[in-house]
Amino acid sequence: MKKLINTPERLVDEELAGMALAHADLIRVEEPNIIVRRDAPRKGKVGVISGGGSGHEPMHGGFVGLGMLDAACPGAVFTSPVPDQMLAATKAVNGGVGVLHIVKNYTGDIMNFEIAAELAGAAGIEVKSVVMADDVAVKDSLWTAGRRGVGGTVLAEKIVGAAAEKNADLATLAALCQKVQDNVRSMGMALTSCTVPAAGKPTFEIGDDEMEIGVGIHGEPGRERRKLATADEITEALAVPIIDDLPFKRGDRVLAFVNGLGGTPLIELYVVYRKLAAILDGRGITIARNLVGSYITSLDMAGCSITLLRLDDELIRLWDAPVHTAALRW
Amino acid sequence: MKKLINTPERLVDEELAGMALAHADLIRVEEPNIIVRRDAPRKGKVGVISGGGSGHEPMHGGFVGLGMLDAACPGAVFTSPVPDQMLAATKAVNGGVGVLHIVKNYTGDIMNFEIAAELAGAAGIEVKSVVMADDVAVKDSLWTAGRRGVGGTVLAEKIVGAAAEKNADLATLAALCQKVQDNVRSMGMALTSCTVPAAGKPTFEIGDDEMEIGVGIHGEPGRERRKLATADEITEALAVPIIDDLPFKRGDRVLAFVNGLGGTPLIELYVVYRKLAAILDGRGITIARNLVGSYITSLDMAGCSITLLRLDDELIRLWDAPVHTAALRW
Amino acid sequence: MAITTAELADAVDTFAGRIHAAKEELTTLDSAIGDADHGINMDRGMSAVREILRELRQGDPGALFTQTGMKLISTVGGASGPLYGTFFLRLGTSLGETPEVTPRRLAEALRAGLEGVKARGKAELGDKTMVDAMTPAVEAFEAGADGDLTTALAAAATAAAGGRDRVTPVVARKGRASYLGERSAGHQDPGATSTTILFESLRDALAVTG
Amino acid sequence: MAITTAELADAVDTFAGRIHAAKEELTTLDSAIGDADHGINMDRGMSAVREILRELRQGDPGALFTQTGMKLISTVGGASGPLYGTFFLRLGTSLGETPEVTPRRLAEALRAGLEGVKARGKAELGDKTMVDAMTPAVEAFEAGADGDLTTALAAAATAAAGGRDRVTPVVARKGRASYLGERSAGHQDPGATSTTILFESLRDALAVTG
Ligand SMILES: Nc1ncnc2c1ncn2[C@@H]1O[C@H](COP(=O)(O)OP(=O)(O)O)[C@@H](O)[C@H]1O
Ligand SMILES: Nc1ncnc2c1ncn2[C@@H]1O[C@H](COP(=O)(O)OP(=O)(O)O)[C@@H](O)[C@H]1O
Ligand SMILES: [Mg+2]
Ligand SMILES: [Mg+2]
Ligand SMILES: [Mg+2]
Ligand SMILES: [Mg+2]
Numbered sequence: 010m011k012k013l014i015n016t017p018e019r020l021v022d023e024e025l026a027g028m029a030l031a032h033a034d035l036i037r038v039e040e041p042n043i044i045v046r047r048d049a050p051r052k053g054k055v056g057v058i059s060g061g062g063s064g065h066e067p068m069h070g071g072f073v074g075l076g077m078l079d080a081a082c083p084g085a086v087f088t089s090p091v092p093d094q095m096l097a098a099t100k101a102v103n104g105g106v107g108v109l110h111i112v113k114n115y116t117g118d119i120m121n122f123e124i125a126a127e128l129a130g131a132a133g134i135e136v137k138s139v140v141m142a143d144d145v146a147v148k149d150s151l152w153t154a155g156r157r158g159v160g161g162t163v164l165a166e167k168i169v170g171a172a173a174e175k176n177a178d179l180a181t182l183a184a185l186c187q188k189v190q191d192n193v194r195s196m197g198m199a200l201t202s203c204t205v206p207a208a209g210k211p212t213f214e215i216g217d218d219e220m221e222i223g224v225g226i227h228g229e230p231g232r233e234r235r236k237l238a239t240a241d242e243i244t245e246a247l248a249v250p251i252i253d254d255l256p257f258k259r260g261d262r263v264l265a266f267v268n269g270l271g272g273t274p275l276i277e278l279y280v281v282y283r284k285l286a287a288i289l290d291g292r293g294i295t296i297a298r299n300l301v302g303s304y305i306t307s308l309d310m311a312g313c314s315i316t317l318l319r320l321d322d323e324l325i326r327l328w329d330a331p332v333h334t335a336a337l338r339w
Numbered sequence: 010m011k012k013l014i015n016t017p018e019r020l021v022d023e024e025l026a027g028m029a030l031a032h033a034d035l036i037r038v039e040e041p042n043i044i045v046r047r048d049a050p051r052k053g054k055v056g057v058i059s060g061g062g063s064g065h066e067p068m069h070g071g072f073v074g075l076g077m078l079d080a081a082c083p084g085a086v087f088t089s090p091v092p093d094q095m096l097a098a099t100k101a102v103n104g105g106v107g108v109l110h111i112v113k114n115y116t117g118d119i120m121n122f123e124i125a126a127e128l129a130g131a132a133g134i135e136v137k138s139v140v141m142a143d144d145v146a147v148k149d150s151l152w153t154a155g156r157r158g159v160g161g162t163v164l165a166e167k168i169v170g171a172a173a174e175k176n177a178d179l180a181t182l183a184a185l186c187q188k189v190q191d192n193v194r195s196m197g198m199a200l201t202s203c204t205v206p207a208a209g210k211p212t213f214e215i216g217d218d219e220m221e222i223g224v225g226i227h228g229e230p231g232r233e234r235r236k237l238a239t240a241d242e243i244t245e246a247l248a249v250p251i252i253d254d255l256p257f258k259r260g261d262r263v264l265a266f267v268n269g270l271g272g273t274p275l276i277e278l279y280v281v282y283r284k285l286a287a288i289l290d291g292r293g294i295t296i297a298r299n300l301v302g303s304y305i306t307s308l309d310m311a312g313c314s315i316t317l318l319r320l321d322d323e324l325i326r327l328w329d330a331p332v333h334t335a336a337l338r339w
Numbered sequence: 547m548a549i550t551t552a553e554l555a556d557a558v559d560t561f562a563g564r565i566h567a568a569k570e571e572l573t574t575l576d577s578a579i580g581d582a583d584h585g586i587n588m589d590r591g592m593s594a595v596r597e598i599l600r601e602l603r604q605g606d607p608g609a610l611f612t613q614t615g616m617k618l619i620s621t622v623g624g625a626s627g628p629l630y631g632t633f634f635l636r637l638g639t640s641l642g643e644t645p646e647v648t649p650r651r652l653a654e655a656l657r658a659g660l661e662g663v664k665a666r667g668k669a670e671l672g673d674k675t676m677v678d679a680m681t682p683a684v685e686a687f688e689a690g691a692d693g694d695l696t697t698a699l700a701a702a703a704t705a706a707a708g709g710r711d712r713v714t715p716v717v718a719r720k721g722r723a724s725y726l727g728e729r730s731a732g733h734q735d736p737g738a739t740s741t742t743i744l745f746e747s748l749r750d751a752l753a754v755t756g
Numbered sequence: 547m548a549i550t551t552a553e554l555a556d557a558v559d560t561f562a563g564r565i566h567a568a569k570e571e572l573t574t575l576d577s578a579i580g581d582a583d584h585g586i587n588m589d590r591g592m593s594a595v596r597e598i599l600r601e602l603r604q605g606d607p608g609a610l611f612t613q614t615g616m617k618l619i620s621t622v623g624g625a626s627g628p629l630y631g632t633f634f635l636r637l638g639t640s641l642g643e644t645p646e647v648t649p650r651r652l653a654e655a656l657r658a659g660l661e662g663v664k665a666r667g668k669a670e671l672g673d674k675t676m677v678d679a680m681t682p683a684v685e686a687f688e689a690g691a692d693g694d695l696t697t698a699l700a701a702a703a704t705a706a707a708g709g710r711d712r713v714t715p716v717v718a719r720k721g722r723a724s725y726l727g728e729r730s731a732g733h734q735d736p737g738a739t740s741t742t743i744l745f746e747s748l749r750d751a752l753a754v755t756g
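Residue numbers (our numbering), protein chains in the order written: chain A, 10 to 339; chain B, 10 to 339; chain C, 547 to 756; chain D, 547 to 756.
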């Protein structure tokens, strides 16, 4: 295992210490490992928090700041945070008008956030939770854990954060987050496995001429292993299931998000974006906004994911609204 | 070789096509493969251009836009661009008051920019060139090609671009760029080799327990191979030679830039930043500004570089000035 | 023939030790159909529990389990944290302030733990989770709780292992393994494996010697 | 015994073909002490030259080399682009509009090319660059230019290879290899290798058969 770390045990703590030093103008880091917007709580503003295992940087800690999250709860690598963190974050951002939990749909995240919400409720803070579950690689079924929350979460946090900044109320924000969830779909693929630091070796073996289609963001193997293909073929293999799922239709305006998984250089993401744009153009779908970069990662995994969000004027306005965080800023 | 590409031959063209589509609000891509600020040329504004081999994304194309570069010339992967590109870019950004070439110190870049400057001069455009050479891993000697231009280039482009935006004249901008060069030092290290797409295999072999200290950004092996060490030890191995070289002294204010080489996840860069901050603090050097992320990369290489720039009020003001490019924005 | 807090604390300690020993094995199982952290997660939690065990040994069995559960919830995270946390919490709540635990009371407590896990995780039998080891184990223990404790514990451990193995060929329907669809079949479930270790620890630590 | 444009075009074509064949070898050499692209760069340039060769064959030798040089400058990039580009440009300028080239005129042109490379790249003999193959090759050709052409070309090619090998043990002082310091010693220089291929191509294409 080759990583710029000291020990796996100290990795998250040291990362948070580095973030606190680098972004002291935006955030503070508090016990038990939560990243809180510097000026939180703000009276009369709904707090918006999220969280999940570490290893997906910049998500979520890099999205704490003006116009996005009020706090983030990073768990151990690929491990949902514990309820103590979400409870502390909820208290830290409580401006008296409730707190929204944006939860990615993983069994662990759901249960830990659930316990935290129960405890916050008992402490007199109104909490609403919205579950992001946008990964079309997973069959959407009542009989399984359901779809994973992936790239759509980044977009939801930006959009909901923008509305929260304008003092929308808790119910409105929860509905808005649900609206993003209802209109967003993603899928990812891996060229290589990632290596969980504490495990010390790649999560899965993969041949030099193979790839995994439909991976999540935790090094979970995908639904299917295929022969390595060209960027255009890979883009097609991700884009078509996404488009067909919602489905996205001729005349739709979308936000197209091409995301690197941590070990993928930017040059490759633009190659994917180019093909994605051609595919959407061919179907009469307009890219109204885009995002290209590594925003929701899987440690050092090489690979990418594509996320499409159907936009309307409201979502565009909120996407365009100012944001000032470590990872997204305009 | 595992990459999200179609063919090595089409990689740069397709990347540029993707960039043009993703950032049509900021840039246009023109023959022969140059990235030009959308509103260039601007009358009365000095044009600032740079260029170099591809494979270092987002540098330089990601830095074209308001308050930074007016054009970028991407060569083939790790290969200096050809004079035709710099000549075309120089013409495209010529607002009648001269063009500054920011050149990284590589034999190829120097010669190709030199030819372009001769041709531009013959075409009646005043060109000044400043050479960036900030890599302390290379001995600074009249008898060699001299130091490589690395991370300092990103900072120079931002700072010079800010001054150009305020209509500083060519001589002033050249002097400012030289001032950045005189006050900036960098050093890098690699955990893995990168793979040049056209070569198809890693540039160098490296053991699971080894690292290269003092690498450049082209997969050139470093000056020294060492046993793999902790993030803290690596940070020290980079920071101390940088500090001792200028030297940076007690009381100095610096911009601390921790850069990922393309295959390094952000979480690791913050671990490095944390240690760098501690080292500087221990020497009485104040981090007045910082930048953490992958801005000057080496394809898919895992590793990092550290750059320190000694700041004064002028440089801080120019660093803080607005910038709106694909990769840097505030 | 009632069980003391000290004996139960020993059982928890045995569990912690075996989890530590099985850390890599559990993580490897989780690599195949999950995210390569189950051993790491459980070991982080049980190590934290071990640190408060000396203190808990002084109190009643209810407090022992309640505190164990709370510690797991606040240190493990992931899916296993709330699930094992809830399991021990419910054990504790069920036992209340009973100073000593009879096998029958323990059977009731284990049942409460199991129901807690099912309520929290909403997994059914056959979904390929820890529930598949826990359910037969609790049932076996219930069936034998009026007889010999050692025998009942042995039956519970055997039933846990049986449940664990029964769902190895099955396609997962809960937890991360479910994302794999058909590809999850043929892999042993990490959580069912740690649950089997739990019942084996109870068996070995609580067995009446002789 | 003067050399025609067609013969010189054949030599350029031979060079292009051998560069294509040596693409991987040159790139591998450049991996060890550079950035793994010398073969790729040269092949990109010489392939582009090949495309205009049929047309150039119709003109005079000066134009053949001038156009070859310009094409290399605008397609190769890197260090080798301006250097080989300058080399051929100077060859062309030196030959001017001479319709046929005598060995002596060729010697003068090669000297002009070499001086161009040195002026552009500022490398000295012993810096471990293409100059180390080019200098002895040009000198050997100059020495034999009044004698038998085939012999002179053979001597030039041998001298190029000798120069290439002489600097293999040396520490590089120019180009990317210089970044390696002591570590560059013991590696064969890619540019000196391609220059040797150039003089071998001249030898084999221009040799008077029989
Ligand atoms: N809904 C559920 N109900 C019961 N057990 C579950 C459920 N989901 C997952 N598990 C169990 O949790 C185990 C995985 O735990 P762990 O790896 O620690 O958490 P995570 O999946 O969050 O990484 C699985 O092997 C499975 O036995
Ligand atoms: N200053 C110089 N003068 C002459 N030749 C040089 C000089 N610098 C480099 N070279 C030659 O160029 C070769 C490398 O060419 P190439 O790999 O194509 O360019 P780059 O170094 O830009 O990647 C070296 O092997 C060396 O022979
Ligand atoms: Mg996990
Ligand atoms: Mg090169
Ligand atoms: Mg797991
Ligand atoms: Mg090279």
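Glycine included, every Cβ here is placed at the ideal spot set by N, Cα and C.
On a predicted model such as this, the values are computed, not experimentally measured, just so you know.
- Look at proline 645/D: its C-beta is not under 9 Å from any C-beta on chain B.
- Proximity of chain D to asparagine 42/B at the Cβ level (cut-off 7 Å) is not reached, the minimal Cβ distance being about 11 Å.
- Going by C-alpha positions, leucine 13/B is about 30 Å away from leucine 75/B.
- As the crow flies, the alpha-carbon of valine 169/A is around 7 Å from that of leucine 185/A.
- For the stretch 269-302 of chain A, residues whose beta-carbon sits nearer than 7 Å to a beta-carbon of chain B comprise Gly271, Gly272, Thr273, Pro274, Leu275, Ile276, Glu277, Tyr279, Val280, Val281, Tyr282, Arg283, Ala286, Asn299 and Val301.
- Taking a contact as a CB-CB distance under 8 Å, the pair threonine 316/A and phenylalanine 266/A counts as one, their CB atoms being some 4 Å apart.
- The beta carbon of glutamate 23/A sits closer than 9 Å to some beta carbon of chain B.
- Ligand 1 approaches histidine 584/C closely enough that one of its heavy atoms is under 8 Å from the residue's Cβ.
- Taking 8 Å as the cut-off, one finds at least one heavy atom of ligand 2 near enough to the beta carbon of alanine 723/D.
- Counting only runs of 4 or more residues that sit fully inside the stretch 136-212 of chain A, the alpha helix (DSSP H) segments are 161-174 and 179-192, in chain order.
- Judged by beta-carbon spacing, alanine 142/B lies beyond the 9 Å limit of lysine 167/B, meaning their Cβ atoms are not closer than that value.
- The nearest non-hydrogen atom of ligand 2 is 8 Å or more from the C-beta of glycine 672/D.
- The alpha carbon of proline 206/B has as its nearest neighbour, out of Glu571/D, Asp583/D and Ile549/D, the alpha carbon of Asp583/D.
- A residue is called buried once 16 or more other Cβ atoms fall within 10 Å of its Cβ, and valine 45/B is buried on that count.
- With a cut-off of 8 Å on Cβ pairs, the stretch 184-200 of chain B is in contact with the stretch 211-226 of chain B, counting three or more such pairs.
- Not flagged as an interface residue toward chain A: glutamate 221/B, since no C-beta distance is shorter than 9 Å.
- If you check the CB distance, threonine 742/D and alanine 683/D come in under 9 Å.
- At the C-beta level, proline 90/A and glycine 623/C come within 9 Å of one another.
- CA-to-CA, the gap between glycine 662/D and alanine 702/D works out to about 18 Å.
- Met588/C is the residue among Asp559/C, Met588/C and Thr550/C whose C-alpha sits nearest the C-alpha of serine 740/C.
- Of the other Cβ atoms in all chains shown, fewer than 16 fall within 10 Å of the Cβ of proline 645/D; this residue is therefore exposed.
- Against chain B, a Cβ distance below 7 Å from glutamate 66/A picks out Pro274, Leu275 and Ile276.
- Within a 10 Å sphere around the beta-carbon of alanine 567/C sit fewer than 16 other beta-carbons, which makes this residue exposed.
- By the neighbour-count criterion, in which a residue is buried when 16 or more other Cβ atoms sit within 10 angstroms of its Cβ, proline 715/D is exposed.
- The DSSP assignment places 649-667, 677-690 and 695-712 as complete runs of the alpha helix (DSSP H) inside the stretch 627-714 of chain D, in order along the chain (cut-off: 4 residues).
- Burial of lysine 720/C is indicated by the presence of at least 16 other C-beta atoms within 10 angstroms of its C-beta.
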